[in-house]
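As you go down the protein sequences, you meet chains A, B and C in turn.
For the first sequence, the working numbering gives the first residue as 178, with consecutive numbering after it.
For the second sequence, the working numbering gives the first residue as 240, with consecutive numbering after it.
For the third sequence, the working numbering gives the first residue as 5, with consecutive numbering after it.
Think of the CB as a built atom: it goes at the ideal place given N, C-alpha and C, for glycine as much as any other residue.
Working notes for the structure below.
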Amino acid sequence: MFDILLQQIANGLSVGMGYALVALGLTLIFGVLHVINFSHGETFMIGGLLTLIATTTLGLPYLVALPLAGLGGAVLGLAINWISVRPLLPRRDGAADVLLATFAVSILIHQAVIMLWGPTPARIDGVPGAFEIGPVVLTGQRLFVLAAGLALLVALEWMLRRTRFGVELRAVAQSQFAARVVGINVDRVNGVTFGIAAVVAALGGALLSPVILYSASMGQVVIIKAFVVVVIGGMGSITGAVACGLLVGLLEAVLGLFAGEGIATAIIYSLLLAMLLFRPQGLTGKRAR
Amino acid sequence: MTSSPFILGVGAVLAVAIGFLVDSPYFASVLAYGVVLGIFSLGLGLTLGRMGYVTFGHAAFFGLGAYAVALLCVEFGLSYWAVLPLALLPGVGLGVLVGFVSARLGGAYFAIATLTTAEILRLVAANWIDLTRGPMGILVPVTPLPWQEALGWNASQAYLSLLVVVAAIVLALIHNLNRSPLGRAWVAVREAPDLAESLGIPTVRARVWNVALSGAIASLAGALVLPKIFVVTPDLFGVANSATGLLAAILGGKATLLGPLLGGIVFAVLPETLRFVDAARLAIFAVILLVVVRLLPGGIVSLLPSRLRPRIRAPQPVAGDAGPTLFPAAAAGTADELLQVSHLRKSFAGVTATQDVSFTVRRGELVGLIGPNGAGKTTCFSQLSGFLAPDAGQIAFDGRSVIGQAPHRIAARGMVRTFQHAALARNLSVYENVLTATHLALPETVLASALRLPSFRRREAERARLAMACLAALDLTARADEMAQDLPYGEQKLLAIAMALATRPRLLLLDEPAAGLNQVEAARLADVLRMLQRAGLTLVVVDHNLKMMMAICDRIVVLHHGALIAQGTPAEVRSHPEVIQAYLGGQDDDVAEMRS
Amino acid sequence: MRSILRAALLAAACTFAVSAAHAQDPVRIGVINPTKSLVGKQGQQGAVVAAEMINADGGILGGRKIELVSYDTNFLPNEGVAATQRLINQDKIRFITGEISSTVALAVLQLAQANGALFMAAVPKHPAVTSGYDRVFRLNSTTAMDAKDFDAFLVEKIKPTKVAVIAENSDFGRLTIAGLKKLFGDKIVAAETYEMTQNDFNTIVTKVKGSGADVVCLAGSNMEQYGNILRVAAELKLTAKRCVMPGILNSEGVRIAGPAADGAFSADIYVTSLDNPLNKRFVEAYKAKYNELPEKIEVLGFESVWIVAKAMDKAKDATDPGKVAKTIHDNSWETPRGTVTFEKNGQAVAGPLINLEVVQGKLVPAKQ
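The structure is reproduced here in structure tokens:
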């Protein structure tokens, strides 16, 4: 029993890293633009789709497909921002309109992919090999997910703390008005932030698809799990998103041992509801307005 | 303006005519699905449009109604038509829960919470095999309607006819509620929730009613779809249904009556008529939603000529009708001291906004609260009116404490506040705004509103007269039908006072009524305040217009850095050394004003 | 005299023209399938090949061609009902064939029965599809029929000591679990279910590995899912023998599983290499049109149109569902599977189950 538990913990951590990457983008967008991007899950899915196309149709190796997926994610993110976020932000009901517009975009992307590529899930071959560490078997891909995820997080942290753009981003997150006053191009910061969030989500999809099967509907599933992570971790908190992403992945895997996947998911969703009702600011206390 | 009997009449005629107008069972069936979707969207529109809450998971109600009826039919062998009305109950139950949630969460969080609820229900339905047979679903036998044979109709026609009747009833119900205090309360919750609370409208209760009704309607729609689909499956709870209802409500115009119904019909009928559309149905709907949100926030119905969108017109003042008494007798109550504040304290993260403030207000006084910016005047008001909880101290109104009470309860007891920035419902007319404010003084039951009983009509006429009287008292009668946001700023402030008057208060807390007013407007305001005091009201006024304050106040309380530094008559305060000290950091005109 | 002759010739020509025109009226048959999905497409393609083959042979009823009117049902009962209504009321067609999902089939059945239409269900396995209506037929085998042959095979040839079951959360999956529990009693050491939308099987496979079973039985209709389960089993180094329950395994599933499928065994009512003239012709025609080899789903889709058309021809009637249904009941039919007859409730009966195994990435009949 203990062996199975250990295996599940290993499984859960790698999937949780994927959740963390998606939640990270969501919380970044909320922290800086103060809006919810409902189409974020679809960017995750597109990352998986681009990887699939690159590895099967174009025959490229997986490690070459990864950065392509990231690039595609960036393009998609910028397009979404340009179409459904930027023009709506200045409105009086801006946040609600962005919520609705990104909801519409998520449906559009999901349906378009189903129409063009079909709803069938597909396998992607990632990093080969498997390593046995005691009773636990970790596939090469899962190790890669953990390693790449960590690398992304480190890179992001470096960007936030050490680069000029990171300073601008943090300034806009604190106060758009003040940032504008000191001459920061807020629109540009918003756009780039959106792009970064999209790249991270797309890479998450590219990393996770070899593990859990790519499917056109994987975005719809992951967006709610990302919300669970972001609400529990605190909307706008990066550490919260990462920690809770891993936590949710772990919880899901362990719960799955005792109940079916459907019940495990329902339990996690109920956690989200409970959090929203009793502590909407999440565990780290960052309150969203 | 259409009345509900008219709606019911049209519905009845249509229902009967169905048998002769729609011959093909195929068309009848397609239209029927459209009407079901329309009813679902009507329910959704109630929450989305009237109350302004975006819901991504309304299919939770839809599926709940379908499953409830299916289970009752199959487990207990009851007839589908007999069980049908019971579908309202689970919708109300879940709606009440979600309504309470909506009071704590807004915007995106509420949307996410509704989506999550729908997903949880879907997972439960898919996994509780013993009860729901999981993904295989429950097959529900639907017997023909009793009157089908008699009228010589086929099953689809009878079904469509029944649906038209139900749709008409739901429309009439919503129409009645929209034009009642409850409906106006919903609009107030949407436009200015704090103002609503301060006017005595119990916002939590209003929200719960809204979502409970919305959920009941959506639930009924879910149960009504059974004769069309035969099998009840977990994807009734799915995002596709929620999204379609949302799109229908928005496309049809979320803040209108017919809009969601039309939207629902269009969204069901169009894919059937254009087969190539069917394959890409959701994608096309999503594109339309995107376009609508980008370009047309009011929805398609906003394109219709405005005479189809009713506007409540102010009633003509009846000559010789003195109107209702606005102000309770000054002698109401016993104690001489109406408001007692003692040792009030409030801090925020290290900043002490209110330090040990104590003062009293006697019945009939006009007390001024002044002090430099940041002195904590508005914070004080917020604590008095229940919007902030003090850290320590006592606040007694008419002898009883108000600490811990919701703002609308405090308003009900007679202490009402206005806000620094005139928080009006911008898209309503001046008259509609004041009419909304009569909620507290002349309450109404939901049942009487829904059925528009004669007793309701009587009380509504009283509310109209009260509203007109308040407008007249502030000389705003001429502006009654103008949009609130079109008023000059000074008159918007007066409108705020008129609305406060409609609650029949005993003590008014006016937060910077003169802010932004020019000399002429300020003088008019001063006259109004004096008039109110003469009529028997007690007033506490916060403002920076020291000239006006010195002129009209009986007593003045001065705050500085959260502490009370002086109180007394204007003359005493004007020459108080600490007061001058406090203002010395400001402009010289302040000092000059005080001395003049 | 000449004018009378001319008039007679004219009359004869007109009659001939009219009847010839009539003879050119196509016979329309309705086909419903979830065409957006792979299985639905496979069923649909089988039906199309059937129509083409019949038309290439000269059609039925004196040269009339078969025309298929197809609608997408997307695994939703609602869509199935709408499609059936369209067929019956708009297109005036009362012969409905195809479909993959039992849930949709059950809903369609109700409507068909209410309208006296004939419904030839191709793939649905649920027992209730063939109950109480004399114009419904079902071509696939039921789980009970499969169990009769396969159970004996499992017990006598495979002889497991500990059995684990991984089944999808559907009637089919649950029926399979119940059947295996009855067969093996307490030799069952694990019985896991997964959602139809599930993508991540690591938990389930981990649990099965921990149960120590020497045979693991898979019951899932989705080849992507069971294909991936096999993959994960190989990744996690699960050593148990892999048994795929009858009726599910096909070459797409084998392809998805990759090398992990080698050594897995199963059984089905059809295999592409069946040696009879009709099957050879069918396989060739299918390969020529779609550049793929047909398997069970395709052949059932084929049969649902083929048998209805042949029955119409034999009954000399393309409009009365009752007459055609009786003809189907009263006769036996040659199909790529061999000879098919129908029981009283509409259940198709053909030859015995064929044992299959996966050898070097190919699905082939098992060596005895």
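- The contact set of residue 395 of chain A on chain C, defined by CB atoms closer than 8 angstroms, consists of 203 in chain order.
- The beta-carbon distance between residue 200 of chain A and residue 413 of chain A, rounded to whole angstroms, is 11 angstroms. This is too long to meet the 8 angstroms contact definition.
- Nearest in C-alpha terms to residue 512 of chain B, of all of C/68, C/71, C/65 and C/87, is C/87.
- Chain A has a Cβ within less than 7 angstroms of the Cβ of residue 214 of chain C.
- For the region 294 to 327 of chain A, the set of residues with a beta-carbon nearer than 7 angstroms to any beta-carbon of chain C comprises 295, 296, 297, 298, 300, 307, 314 and 316, in chain order.
- Contact between residue 307 of chain A and residue 315 of chain A holds: their C-beta atoms lie close to 7 angstroms from each other, under 8 angstroms.
- Closest in alpha carbon position to residue 324 of chain C, among C/355, C/54, C/276 and C/119, is C/119.
- Residues of the region 346 to 371 of chain B with a Cβ closer than 8 angstroms to any Cβ of chain A, in chain order: 346, 347, 348, 350, 351, 352, 354, 355, 356, 358, 359, 362, 363, 365 and 366.
- Taking 4 residues as the shortest admissible run, the region 276 to 341 of chain C contains the following complete alpha helix (DSSP H) segments, listed from N- to C-terminal end: 281 to 294, 300 to 319 and 325 to 334.
- Within the region 247 to 276 of chain B, the residues whose Cβ lies closer than 9 angstroms to some Cβ of chain C are 263, 264, 265, 266, 268, 269 and 272, listed in chain order.
- Against residue 264 of chain A, the close residues of chain B are 533, in the order they occur along the chain (beta-carbon pairs closer than 9 angstroms).
- Rounded to the nearest whole angstrom, the C-alpha separation of residue 196 of chain A and residue 290 of chain A is 22 angstroms.
- Residue 114 of chain C belongs to the set of residues whose beta carbon lies under 7 angstroms from a beta carbon in chain B.
- Only buried fits residue 239 of chain A, as 16 or more other CB atoms lie within 10 angstroms of its CB.
- At a cut-off of 7 angstroms, the C-beta of residue 367 of chain A has no neighbouring C-beta in chain C.
- As a beta-bridge residue in DSSP terms, residue 123 of chain C pairs with C/100 and C/140.
- For residue 272 of chain B, the uninterrupted alpha helix (DSSP H) segment begins and ends at 264 to 284.
- Among the CB atoms of chain B, none fall inside 7 angstroms of the CB of residue 448 of chain A.
- Within the region 232 to 248 of chain C, 232, 235, 239, 240 and 241 place their CB atoms closer than 8 angstroms to a CB of chain A, listed in sequence order.
- Listed along chain C, no residue sits closer than 8 angstroms to residue 400 of chain A by beta-carbon distance, the nearest being about 14 angstroms off.
- Cβ neighbours of residue 800 of chain B within its own chain (closer than 7 angstroms, five residues either side excluded): 614.
- The beta-bridge partner set that DSSP reports for residue 647 of chain B is empty.
- Taking the Cβ atoms as the reference, residue 795 of chain B lies roughly 7 angstroms from residue 807 of chain B, within the contact range of under 8 angstroms.
- Within chain C, the residues whose beta carbon sits less than 7 angstroms from that of residue 185 of chain A are 207 and 210, listed in sequence order.
- Per DSSP, the unbroken beta strand (DSSP E) holding residue 805 of chain B starts and ends at 802 to 807.
- With contacts defined by Cβ atoms closer than 7 angstroms, residue 257 of chain B and residue 395 of chain B do not form a contacting pair.
- Three or more Cβ pairs drawn from the region 253 to 272 of chain C and the region 357 to 371 of chain C lie within less than 8 angstroms of each other, which places the two stretches in contact.
- The C-alpha of residue 788 of chain B lies about 49 angstroms from the C-alpha of residue 351 of chain B.
- Between the region 100 to 112 of chain C and the region 371 to 379 of chain B, the count of Cβ pairs shorter than 8 angstroms is three or higher; the stretches touch.
- Here the region 207 to 224 of chain C lies against the region 165 to 172 of chain C, with 3 or more beta-carbon pairs under 8 angstroms apart.
- The beta carbon of residue 389 of chain A falls within 7 angstroms of a beta carbon belonging to chain C, placing the residue at that interface.
- Using a CB distance below 7 angstroms, the part of the region 277 to 290 of chain A facing chain B consists of 277, 278, 280, 281, 282, 284, 285, 288 and 289, ordered along the chain.
- Around residue 80 of chain C, the beta-carbon contacts reaching into chain B at under 8 angstroms are 472 and 474.
- Annotation note: the region 745 to 791 of chain B contains the following uninterrupted beta strand (DSSP E) runs of length 3 or greater, listed N- to C-terminal: 746 to 750 and 777 to 781.
- Taking 3 residues as the minimum length, the beta strand (DSSP E) runs contained wholly in the region 288 to 362 of chain A are 307 to 310 and 313 to 316, in order along the chain.
- The contact set of residue 273 of chain A on chain B, defined by CB atoms closer than 7 angstroms, consists of 293 and 346 in chain order.
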